[in-house]
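Asker: Structure in structure tokens, see below.
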Amino acid sequence: MKQLMLGNEAIARGVYEAGAKVASAYPGTPSTEITEYIAEYDEIYSEWAPNEKVALEVAIGASVGGARATCAMKHVGLNVAADPLFTAAYTGVNGGLVIFVADDPGMHSSQNEQDTRLIARAAKVPVLEPSDSQECKDFTRKAFEISEQFDTPIIVRLTTRVAHSQGLVELGEREDIPLKPYAKDPGKYVMMPAMARKRHVVVEERLEKLTEYSNETPLNRIEWGDRKIGVITSGIAYQYAKEAFGNASFLKLGMVYPLPEKLIREFAAGVETIYVIEELEPFIEDHCLKMGIPVKGKALLPLIGEYNANLIRERILGQKAEKLNNIEEEVPVRPPVMCPGCPHRGLFYVLKKLKLTVTGDIGCYTLGTLAPLESMDTCVCMGASVGMAHGMEKAMGRDAARKTVAVIGDSTFIHSGITGLIDIVYNKGTSTVVILDNSITGMTGHQHNPTTGFTIKGEPTRQVDLVKLCQAVGVDRVRVCDPFDLETLEKVIKEEVAADEPSVVIAQRPCALLKHVKFNGALRIDREKCTRCKMCMRLGCPAIVDRGTHVEVNPALCVGCDLCTKVCRFNAFERVGGDHA
Amino acid sequence: MRSTSIMIVGVGGQGTLLTSRILGTVGISTGTDVKVSEVHGMSQRGGSVVTYVKMGDKVHSPIIEKGEADILLCFEELEALRWIDYAKKDASIIINTQRIDPMPVITGKAKYPENIVEKIKADYPNVVTVPALELAEACGSIKAVNVVMIGVLAKRTDIAEETWLDAIRKTVKPQFVDLNIEAFKKGYSL
Numbered sequence: 054m055k056q057l058m059l060g061n062e063a064i065a066r067g068v069y070e071a072g073a074k075v076a077s078a079y080p081g082t083p084s085t086e087i088t089e090y091i092a093e094y095d096e097i098y099s100e101w102a103p104n105e106k107v108a109l110e111v112a113i114g115a116s117v118g119g120a121r122a123t124c125a126m127k128h129v130g131l132n133v134a135a136d137p138l139f140t141a142a143y144t145g146v147n148g149g150l151v152i153f154v155a156d157d158p159g160m161h162s163s164q165n166e167q168d169t170r171l172i173a174r175a176a177k178v179p180v181l182e183p184s185d186s187q188e189c190k191d192f193t194r195k196a197f198e199i200s201e202q203f204d205t206p207i208i209v210r211l212t213t214r215v216a217h218s219q220g221l222v223e224l225g226e227r228e229d230i231p232l233k234p235y236a237k238d239p240g241k242y243v244m245m246p247a248m249a250r251k252r253h254v255v256v257e258e259r260l261e262k263l264t265e266y267s268n269e270t271p272l273n274r275i276e277w278g279d280r281k282i283g284v285i286t287s288g289i290a291y292q293y294a295k296e297a298f299g300n301a302s303f304l305k306l307g308m309v310y311p312l313p314e315k316l317i318r319e320f321a322a323g324v325e326t327i328y329v330i331e332e333l334e335p336f337i338e339d340h341c342l343k344m345g346i347p348v349k350g351k352a353l354l355p356l357i358g359e360y361n362a363n364l365i366r367e368r369i370l371g372q373k374a375e376k377l378n379n380i381e382e383e384v385p386v387r388p389p390v391m392c393p394g395c396p397h398r399g400l401f402y403v404l405k406k407l408k409l410t411v412t413g414d415i416g417c418y419t420l421g422t423l424a425p426l427e428s429m430d431t432c433v434c435m436g437a438s439v440g441m442a443h444g445m446e447k448a449m450g451r452d453a454a455r456k457t458v459a460v461i462g463d464s465t466f467i468h469s470g471i472t473g474l475i476d477i478v479y480n481k482g483t484s485t486v487v488i489l490d491n492s493i494t495g496m497t498g499h500q501h502n503p504t505t506g507f508t509i510k511g512e513p514t515r516q517v518d519l520v521k522l523c524q525a526v527g528v529d530r531v532r533v534c535d536p537f538d539l540e541t542l543e544k545v546i547k548e549e550v551a552a553d554e555p556s557v558v559i560a561q562r563p564c565a566l567l568k569h570v571k572f573n574g575a576l577r578i579d580r581e582k583c584t585r586c587k588m589c590m591r592l593g594c595p596a597i598v599d600r601g602t603h604v605e606v607n608p609a610l611c612v613g614c615d616l617c618t619k620v621c622r623f624n625a626f627e628r629v630g631g632d633h634a
Numbered sequence: 431m432r433s434t435s436i437m438i439v440g441v442g443g444q445g446t447l448l449t450s451r452i453l454g455t456v457g458i459s460t461g462t463d464v465k466v467s468e469v470h471g472m473s474q475r476g477g478s479v480v481t482y483v484k485m486g487d488k489v490h491s492p493i494i495e496k497g498e499a500d501i502l503l504c505f506e507e508l509e510a511l512r513w514i515d516y517a518k519k520d521a522s523i524i525i526n527t528q529r530i531d532p533m534p535v536i537t538g539k540a541k542y543p544e545n546i547v548e549k550i551k552a553d554y555p556n557v558v559t560v561p562a563l564e565l566a567e568a569c570g571s572i573k574a575v576n577v578v579m580i581g582v583l584a585k586r587t588d589i590a591e592e593t594w595l596d597a598i599r600k601t602v603k604p605q606f607v608d609l610n611i612e613a614f615k616k617g618y619s620l
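Residue numbers (my numbering), protein chains in the order written: chain A, 54 to 634; chain B, 431 to 620.
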């Protein structure tokens, strides 16, 4: 029987069925569940690596060692892993090596909208692009075959809507793929100039062979329909285009790099007008134009944001969806917020109070940018907070460092914050780095990391000691405090930004959503005592609302973390049920 | 079975993900093609969340377009208003009469619109309101709001009650089955 599976789950199933043995990854939306589902198969060794670069290196090592190996990441993770990727393209593989990269058009949970196909082309590695869950599984198995047949790493590119949509999948059996023998071969695996020059020739020849393959493979297919309109498309855009155009002719591309030039010419010759529909860069379109085929794409469709069938109907067919109501009401936006009980709330309350400049980083705590906490000044990429604080000090001078802190999560610090901290120490900076240690990788949905003391399978392991780590790189001032102890936290931060040497403050309190975190139960406001001074509302807790006549606690949201009791000067909060808060 | 498009809208953390799992399980048992689409990640932290469930002979796009939803299942009033354009004129619009203020309202930068249900009723004939929080509380857990809502929805489809009950048994943890079945029945009887 078919099963309903998330695209990411179907990828994991494909990895299992393909007989893969090793998977390493760093979590990142929308790719995270791939590795979480892989971890459910005991036949595959799986792990969370500290970052995507390490993860890919582990997968490359496993491949060289003879196993089918894999590595999953989000689009920006591929930037981190670009260094090994570009050269693994030269070395090629032993066991099949498949890299899953999930792009996020529309930026549901990302800092940019980059298109992985452009990086793959630069790295000269082939790319498959599935358009539903069944293809996620089938293309994964195919990807391992291509990788081994052509001796190349290969990317399977997903987008959010493929990764996070569930569709029906027909399951298969796991192939028994024995470990390939490992043989020392410096000409292939040691990329010094002399060897790399020879391997580059191999890479270029391989691309030509892959182009031939792309013309022949059933991954790319023509669906002839009405010949007036021809649509070249791939991935989720194929599904939108099928709905928008119905009976048109389609060239559905499952292999998007290298592109099947012969097949494209054959298709172009058979239709009157050709549209290219792709998320999000004009990757196929530019190639067609370069081939001299007059296609229409980005002249009509946007370079920004997710597509849908209505958008295609409107922009290409001129059919605008009719509005079915007379409701013109302005609807307030609902941005994400830190959860009730979130440990980060205490820190940002204090940072705002101290009016500090805050270089920020990637995680739930990036929400500290939004009103009313509004503390974060910058967010660029994983680990950037630390290097940027140092850069600001070097540009603006020592006094600026007395008014600046870098804020970074525990997992992000291990990912790529530690190198920035070494830079501060080595180059005589005096910055203060606050590590938000919430005992888990939060934003991506609770993955373990080297600081939690558990592996992906939940097995206990050696835990990185953040205090010792910071001391070992030369930070003498390392202090640990509870972000809900607002008074102490304020004092510690003031002292550390004033210190004429590098310092680290570890704000330690577990994520409120962790199962073992227990609070005392919802609070309410005693209206007799409340003066409506609204100090509590500066915390930006979604459970505290101003009803105009009075301030109240939403009992369905309040967890009873009691942070509000610490800013209320009138003792107005009490526990529902009567106990004192 | 004709194709059915169901949209679930709410606030991150309200349990819409379990709702879509149950709906997906029901979808499979109807023997048609099914797609369920939702976005994980940042929006689940108290942001506006939407899940699309589509069933039919062949489902291409996993997302539902404006004017296409047969059922709009709203876990919160403001979210009902935000997504109302996606409902068909004769759609079943099911609204949990719960209000969760978004941060711009909490900070006083925006106003929570008044009389949302009345405004929607003025343009759509099939609107039903559900005090799901109270009904769930009566079953023993405010977390059962989502299953109360599924009960209300189930009544408005042509899928047998037993199919829904089966899906709940398959989806929720064994120790919560009884509570959730009770919650489902509370919704189903509305």
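For every residue, glycine included, the Cβ atom is placed at its ideal position computed from N, Cα and C.
To the nearest angstrom, how far is it from the Cα of Val531/A to the Cα of Glu228/A?
Answerer: 51 Å
Asker: Counting pairs of Cβ atoms below 8 Å between the region 132-141 of chain A and the region 86-102 of chain A, do you hit three or more?
Answerer: no
Asker: Can you check which of these residues, Thr602/A, Gly601/A and Met590/A, is closest to Phe626/A by C-alpha distance?
Answerer: Met590/A
Asker: Which chain A residues sit within Cβ distance under 8 Å of Met579/B?
Answerer: Result: empty, since nearest Cβ-Cβ is about 14 Å, beyond 8 Å.
Asker: Could you tell me whether any Cβ in chain A is nearer than 9 Å to the Cβ of Lys519/B?
Answerer: yes
Asker: What is the DSSP secondary structure of Tyr79/A, counted as helix, strand or coil?
Answerer: coil
Asker: Look at the alpha carbon of Leu595/B and the alpha carbon of Ile494/B, and state the distance between them as a whole number of angstroms.
Answerer: 26 Å
Asker: Below 9 Å between beta carbons: does that hold for Lys262/A and Gly119/A?
Answerer: no
Asker: Using a beta-carbon distance below 9 Å, is Tyr618/B in contact with chain A?
Answerer: Chain A, which has no Cβ nearer than 9 Å to the Cβ of Tyr618/B, makes this no.
Asker: Counting beta carbon pairs with one atom in the region 188-203 of chain A and one in the region 150-158 of chain A, are three or more of them shorter than 8 Å?
Answerer: yes
Asker: Using a Cβ-Cβ cutoff of less than 7 Å, which residues in the same chain neighbour Gly72/A once the five nearest sequence positions on both sides are dropped?
Answerer: Arg121, Arg227, Glu228, Asp229 and Ile230
Asker: Using a Cβ-Cβ distance under 9 Å, would Gln474/B count as near chain A?
Answerer: yes
Asker: So Leu400/A contacts chain B; which residues on that side make the cut at Cβ distance below 9 Å?
Answerer: Result: empty, since nearest Cβ-Cβ is about 16 Å, beyond 9 Å.
Asker: List the DSSP bridge partners of Ser522/B.
Answerer: Ile501/B
Asker: DSSP three-state call for Asp515/B: helix, strand or coil?
Answerer: helix
Asker: Going by DSSP, what residue range makes up the alpha helix (DSSP H) through Leu356/A?
Answerer: Note, Leu356/A: premise wrong, no alpha helix (DSSP H); not H, not E.
Asker: Enumerate in chain order the residues of its own chain whose CB-to-CB distance from Cys564/A is below 6 Å, with the five nearest sequence positions on each side excluded.
Answerer: Asn491, Ile493 and Gly495
Asker: Does the region 242-261 of chain A come close enough to the region 285-304 of chain A that 3 or more CB-CB pairs lie under 8 Å?
Answerer: no
Asker: Compute the distance between the beta-carbons of Asp414/A and Gly470/A, then report whether it is under 9 Å.
Answerer: Judged by beta-carbon spacing, Gly470/A lies within the 9 Å limit of Asp414/A, meaning their Cβ atoms are closer than that value.
Asker: Do Gly421/A and Ala454/A have their CB atoms nearer than 9 Å?
Answerer: no
Asker: Output yes or no for whether 9 Å exceeds the beta carbon distance between Ile530/B and Ala424/A.
Answerer: no
Asker: Using a Cβ-based criterion (distance less than 8 Å to any ligand heavy atom), does Ser435/B qualify as near the ligand ZN?
Answerer: With respect to the ligand ZN, the structure shown offers nothing to examine, as it has no ligands at all.
Asker: Just checking, does the region 373-391 of chain A make contact with the region 510-526 of chain A on the three C-beta pairs under 8 Å criterion?
Answerer: no
Asker: With DSSP as the reference, label Cys417/A as helix, strand or coil.
Answerer: helix
Asker: Quick check: the Cα distance between Val620/A and Leu563/B, rounded to an integer number of angstroms?
Answerer: Between the alpha carbons of Val620/A and Leu563/B lies a gap of roughly 30 Å.
Asker: Take the Cβ of Ala322/A as the centre, count every other Cβ of all protein chains shown within 10 Å, and call the residue buried at 16 or more, exposed below.
Answerer: exposed
Asker: Start and end of the beta strand (DSSP E) containing Cys534/A?
Answerer: Arg530 to Cys534
Asker: Against chain B, does Arg66/A count as a neighbour if the rule is that its beta carbon must be under 9 Å from one of theirs?
Answerer: no
Asker: Going by the CB atoms, is the gap between Arg259/A and Gly307/A shorter than 9 Å?
Answerer: no
Asker: Please decide whether Met431/B counts as near chain A, where near means a Cβ-Cβ distance under 9 Å.
Answerer: Since pLDDT at Met431/B reaches only 42, below the 50 mark, its modelled position is unreliable, and the value read off the structure follows with that caveat. Closer than 9 Å: no.
Asker: Verify whether the separation of the beta carbon atoms of Leu138/A and Val178/A is less than 9 Å.
Answerer: yes
Asker: Helix or strand or just coil, what does DSSP make of Ala247/A?
Answerer: helix
Asker: Quick check on Arg529/B: does DSSP put it in helix, strand or coil?
Answerer: coil
Asker: At a CB-CB cut-off below 8 Å, which residues of chain B make contact with Gly462/A?
Answerer: Here the premise fails: no neighbours, minimum Cβ distance about 14 Å.
Asker: Are there 16 or more other CB atoms within 10 angstroms of the CB of Met431/B, so buried, or fewer, so exposed?
Answerer: Reliability of the predicted coordinates at Met431/B is poor, the pLDDT of 42 falling under 50, and the value obtained from them is presented with this limitation in mind. By the 10 Å Cβ count, Met431/B comes out exposed.
Asker: Could you tell me which chain A residues have their CB closer than 7 Å to the CB of Leu563/B, listed as they occur along the chain?
Answerer: Contact annotation for Leu563/B against chain A: Ala609 [CB-CB distance below 7 Å, chain order].
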